[in-house]
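Novice: Below is one structure. I have some questions about it.
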Amino acid sequence: MARTVLHVDFDYFFAQCEELRTPEIKNRPVVVCVFSGRTEDSGVVSTANYVARKYGVKSGIPIRLAKSRLADAKDALFLPLDTEYYKQVSEKGMSVIRNNVDLFEHVGIDECFADVSVRTGGDFAAAESLAHRIKDEVRTHTQISCSVGVAPNKMLAKVASDFRKPNGLTAVRPEDAEKFVAALDVDKIPGIGPKTRDRLAKLGLKTAGDLAAFDLYRLVDEFGKKIATYMHNAAKGVDDEPVEGSEGEHKQIMRIVTLKQDATVASEMYGDLEEICRSVHESTGKKSLAFKSVGIILILNNLETITRSRTLKAHAGGLDVLHSTARAILDEAVTGGMKIRRLGIRVSDFQDSGGQNTLFDFMQR
Ligand code: DGT
Ligand code: CA
Ligand code: CA
Numbered sequence: 004m005a006r007t008v009l010h011v012d013f014d015y016f017f018a019q020c021e022e023l024r025t026p027e028i029k030n031r032p033v034v035v036c037v038f039s040g041r042t043e044d045s046g047v048v049s050t051a052n053y054v055a056r057k058y059g060v061k062s063g064i065p066i067r068l069a070k071s072r073l074a075d076a077k078d079a080l081f082l083p084l085d086t087e088y089y090k091q092v093s094e095k096g097m098s099v100i101r102n103n104v105d106l107f108e109h110v111g112i113d114e115c116f117a118d119v120s121v122r123t124g125g126d127f128a129a130a131e132s133l134a135h136r137i138k139d140e141v142r143t144h145t146q147i148s149c150s151v152g153v154a155p156n157k158m159l160a161k162v163a164s165d166f167r168k169p170n171g172l173t174a175v176r177p178e179d180a181e182k183f184v185a186a187l188d189v190d191k192i193p194g195i196g197p198k199t200r201d202r203l204a205k206l207g208l209k210t211a212g213d214l215a216a217f218d219l220y221r222l223v224d225e226f227g228k229k230i231a232t233y234m235h236n237a238a239k240g241v242d243d244e245p246v247e248g249s250e251g252e253h254k255q256i257m258r259i260v261t262l263k264q265d266a267t268v269a270s271e272m273y274g275d276l277e278e279i280c281r282s283v284h285e286s287t288g289k290k291s292l293a294f295k296s297v298g299i300i301l302i303l304n305n306l307e308t309i310t311r312s313r314t315l316k317a318h319a320g321g322l323d324v325l326h327s328t329a330r331a332i333l334d335e336a337v338t339g340g341m342k343i344r345r346l347g348i349r350v351s352d353f354q355d356s357g358g359q360n361t362l363f364d365f366m367q368r
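Just add 3 to wherever you are in the sequence shown, counting from 1, and you've got the numbering used here.
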């Protein structure tokens, strides 16, 4: 089944963190510096806010150069790194994201990948609306803006998150993937830096489209099999790298179904709920797994996704417990005005955490 992957990247991150704790500086050029300490000005720019970027200040340039570019802007600020503080802001934001996705892969202090295929049931529009909600929630909890890419794989999601910045959201639907990449310059493909770009230029390849149309065997001769294959696939919008969730995240069992007709009250879903519980229980029972966390997923007809979960006092394995807990969560979650299109149940936090099975399976109908 098709995957849906998000890439979230916090905007001008270190500089935005500085603006967060000193909001008065927002309209001034803010340059976060890695001072080497040799002389007052030696070192490089870590990042800068968008006000400073207008003057040509960007990551990696010498502080001295940044100062000369900002010579006319009298109110420019040059601040030292405060990594501990940025980490705290990052962790807050990341935990908001983690709570809204199926699999979460932390990449760096300001970015992550997430797989949302299961909770959006392969519905791309639902993934887009989930991405909007994640942006909003990150903003509410941290005041930080981010840019998000939604796509059928990690490579495209990363390119997409970078496509419109800051505060962007770019969705690349599976059917548009090939066309979307084809138009990009080759160095927009993650992993293709200036050196590779120049080597590709010598072969007459400027855009990903050029690269995709180029003979793979000649590319292999030039770059070796591994890199050539990656580049050729990426240029066509193809990438099979899975989102590497943490151990615990894989250990969940989830079922999600589309209701025969939209439900507006919990009781209309009791029949389906029972059926899904049975199916989930069949999987846990087969593997003799006791679970401690039970959750429900509701996808509304406006594609909003609502998830609620409950932690049991002790591990349980019985269908009764599963069913009564799920029903209680459902009763609480459904409020007036909702039109529910899909219903899902998830159990996790297993006692028998040994074994190497990936228990991440699901059913659709
Ligand atoms: P963005 O995402 O384009 O709005 O801006 P940033 O600043 O978030 O850029 P990004 O995502 O490439 O990097 C995240 C953080 O990593 C950034 O806030 C500071 C740090 N960083 C990035 N590039 C460099 C660099 O060349 N040198 C140093 N020292 N730090 C860097
Ligand atoms: Ca960033
Ligand atoms: Ca980044």
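Just so you know, even glycine gets a beta-carbon here, dropped at the ideal spot from N, CA and C.
Everything numeric in this text was worked out from a predicted model, so none of it was measured.
Check residue 286 in the structure and name its three-state DSSP category.
Specialist: In the sequence shown, the residue the question calls residue 286 occupies position 283. Looking at residue 286 - three-state DSSP - the assignment turns out to be helix.
Novice: In its own chain, which residues sit with a C-beta less than 6 Å from the C-beta of residue 174, not counting the 5 before and 5 after it?
Specialist: In the sequence shown, residue 174 corresponds to position 171, counting from 1. Same-chain partners within the cutoff: 131, 153.
Novice: Are there any heavy atoms of ligand 3 lying less than 7 Å away from the beta-carbon of residue 12, as far as the coordinates show?
Specialist: On the sequence shown, residue 12 is found 9 positions in, with the first residue counted as 1. The answer is yes for residue 12.
Novice: Does ligand 1 have even one heavy atom less than 7 Å from the beta-carbon of residue 57?
Specialist: Your numbering for residue 57 matches position 54 in the sequence shown. No - ligand 1 has no heavy atom lying nearer than 7 Å to the Cβ of residue 57.
Novice: How big is the Cα-Cα spacing for residue 53 and residue 15?
Specialist: On the sequence shown, residue 53 is found 50 positions in, with the first residue counted as 1. On the sequence shown, residue 15 is found 12 positions in, with the first residue counted as 1. C-alpha separation (whole angstroms): 7 Å.
Novice: If you draw a straight line from the C-alpha of residue 243 to the C-alpha of residue 44, how long is it?
Specialist: To locate residue 243, count along the sequence shown from 1; it is residue 240. To locate residue 44, count along the sequence shown from 1; it is residue 41. Those two C-alpha atoms are separated by around 45 Å.
Novice: With a cut-off of 8 Å on the beta carbons, I'd call residue 82 and residue 35 a contact; round off their distance for me.
Specialist: The residue labelled residue 82 in the question sits at position 79 within the sequence shown. The residue labelled residue 35 in the question sits at position 32 within the sequence shown. Between residue 35 and residue 82 the Cβ distance is about 5 Å, and since that is below 8 Å, they are a contact.
Novice: With distances taken Cα to Cα, identify the nearest neighbour of residue 276 among 329, 298, 312.
Specialist: The residue you call residue 276 lines up with position 273 of the sequence shown. When each option's Cα is compared against that of residue 276, the closest is 329.
Novice: Could you give the uninterrupted runs of the alpha helix (DSSP H) lying entirely in the region 171-208, keeping only those of 4 residues or more?
Specialist: Counting whole runs of 4 or more residues, the region 171-208 contains the alpha helix (DSSP H) stretches 180-185, 197-205.
Novice: Please report how far the alpha carbon of residue 183 lies from the alpha carbon of residue 5, in whole angstroms.
Specialist: Your numbering for residue 183 matches position 180 in the sequence shown. Your numbering for residue 5 matches position 2 in the sequence shown. Distance between the alpha carbons of residue 183 and residue 5: 18 Å.
Novice: For residue 296, name the three-state secondary structure that DSSP assigns.
Specialist: In the sequence shown, counting from the first residue as 1, residue 296 sits at position 293. Residue state, collapsed to three classes: strand.
Novice: Roughly how far, in whole angstroms, is the beta-carbon of residue 256 from the beta-carbon of residue 350, given that I think they are within contact range, below 8 Å?
Specialist: What you label residue 256 is simply residue 253 of the sequence shown in a count that begins at 1. What you label residue 350 is simply residue 347 of the sequence shown in a count that begins at 1. Contact flag correct, Cβ pair sits at about 5 Å.
Novice: What number of angstroms, rounded off, separates the C-alpha of residue 280 from the C-alpha of residue 80?
Specialist: Taking the sequence shown and counting its residues from 1, one reaches residue 280 at position 277. Taking the sequence shown and counting its residues from 1, one reaches residue 80 at position 77. If you take the alpha carbons of residue 280 and residue 80, they lie about 58 Å apart.
Novice: Could you give the distance in angstroms between the alpha-carbon of residue 169 and the alpha-carbon of residue 151?
Specialist: The residue you call residue 169 lines up with position 166 of the sequence shown. The residue you call residue 151 lines up with position 148 of the sequence shown. Residue 169 and residue 151: Cα-Cα distance of roughly 10 Å.
Novice: Buried or exposed: which applies to residue 300, given that a residue is buried once 16 or more other Cβ atoms fall within 10 Å of its Cβ?
Specialist: For this step, residue 300 is matched to residue 297 along the sequence shown. Buried, by the Cβ-count rule.
Novice: Three or more beta-carbon pairs under 8 Å between the region 263-277 and the region 232-242, yes or no?
Specialist: At 8 Å Cβ cutoff, the stretches do not touch.
Novice: Taking the C-alpha atoms as reference points, what is the distance between residue 190 and residue 234?
Specialist: On the sequence shown, residue 190 is found 187 positions in, with the first residue counted as 1. On the sequence shown, residue 234 is found 231 positions in, with the first residue counted as 1. If you take the alpha carbons of residue 190 and residue 234, they lie about 11 Å apart.
Novice: Just checking residue 113 against ligand 2 - is the residue's beta carbon closer than 7 Å to any of the ligand's heavy atoms?
Specialist: Along the sequence shown, one-based indexing puts residue 113 at 110. Within the cutoff, so yes.
Novice: How many Å lie between residue 100 and residue 18 at the Cα?
Specialist: Position 97 of the sequence shown, counted from the start, is the residue given in the question as residue 100. Position 15 of the sequence shown, counted from the start, is the residue given in the question as residue 18. Residue 100 and residue 18: Cα-Cα distance of roughly 21 Å.
Novice: If you draw a straight line from the alpha carbon of residue 334 to that of residue 271, how long is it in whole angstroms?
Specialist: Reading the sequence shown from its first residue, position 331 is the one you call residue 334. Reading the sequence shown from its first residue, position 268 is the one you call residue 271. The straight-line gap from Cα to Cα measures roughly 11 Å.
Novice: Across which residues does DSSP place residue 46 in a beta bridge pair?
Specialist: Translated into the one-based positions of the sequence shown, residue 46 becomes position 43. 38, per the DSSP bridge assignment.
Novice: Going straight from the alpha carbon of residue 196 to that of residue 127, what length do you get?
Specialist: For the purposes of this step, residue 196 is taken as residue 193 along the sequence shown, with counting starting at 1. For the purposes of this step, residue 127 is taken as residue 124 along the sequence shown, with counting starting at 1. The alpha-carbon atoms of residue 196 and residue 127 are separated by roughly 31 Å.
Novice: Going by the DSSP bridge assignment, what does residue 257 pair with across the sheet?
Specialist: Your numbering for residue 257 matches position 254 in the sequence shown. 349, per the DSSP bridge assignment.
Novice: Is the beta carbon of residue 31 less than 8 Å from the beta carbon of residue 78?
Specialist: Within the sequence shown, numbered from 1, the residue matching residue 31 stands at position 28. Within the sequence shown, numbered from 1, the residue matching residue 78 stands at position 75. Cβ atoms of residue 31 and residue 78: closer than 8 Å.
Novice: Buried or exposed: residue 114, going by 16 or more other Cβ atoms within 10 Å of its Cβ?
Specialist: The count along the sequence shown starts at 1 and reaches residue 114 at position 111. By the neighbour-count rule (16 or more Cβ atoms within 10 Å), residue 114 is buried.
Novice: Which of the three DSSP states is assigned to residue 270 in this structure?
Specialist: In the sequence shown, residue 270 corresponds to position 267, counting from 1. In this structure, residue 270 counts as helix in the three-state DSSP scheme.
Novice: Cβ-heavy atom distance between residue 16 and ligand 2 below 7 Å?
Specialist: Within the sequence shown, numbered from 1, the residue matching residue 16 stands at position 13. True, at least one ligand heavy atom lies under 7 Å from that Cβ.
Novice: In the DSSP assignment, find the beta strand (DSSP E) that holds residue 110 and state where it starts and stops.
Specialist: On the sequence shown, residue 110 is found 107 positions in, with the first residue counted as 1. Element bounds for residue 110: 106-111.
Novice: State the DSSP-derived secondary structure class of residue 152, mapped to helix, strand or coil.
Specialist: Residue mapping note: residue 152 aligns to position 149 of the sequence shown, counting from 1. DSSP places residue 152 in strand when its eight states are reduced to three.
Novice: What is the DSSP secondary structure of residue 302, counted as helix, strand or coil?
Specialist: Locating residue 302 in the sequence shown gives position 299, counting from the first residue. Strand, per DSSP.
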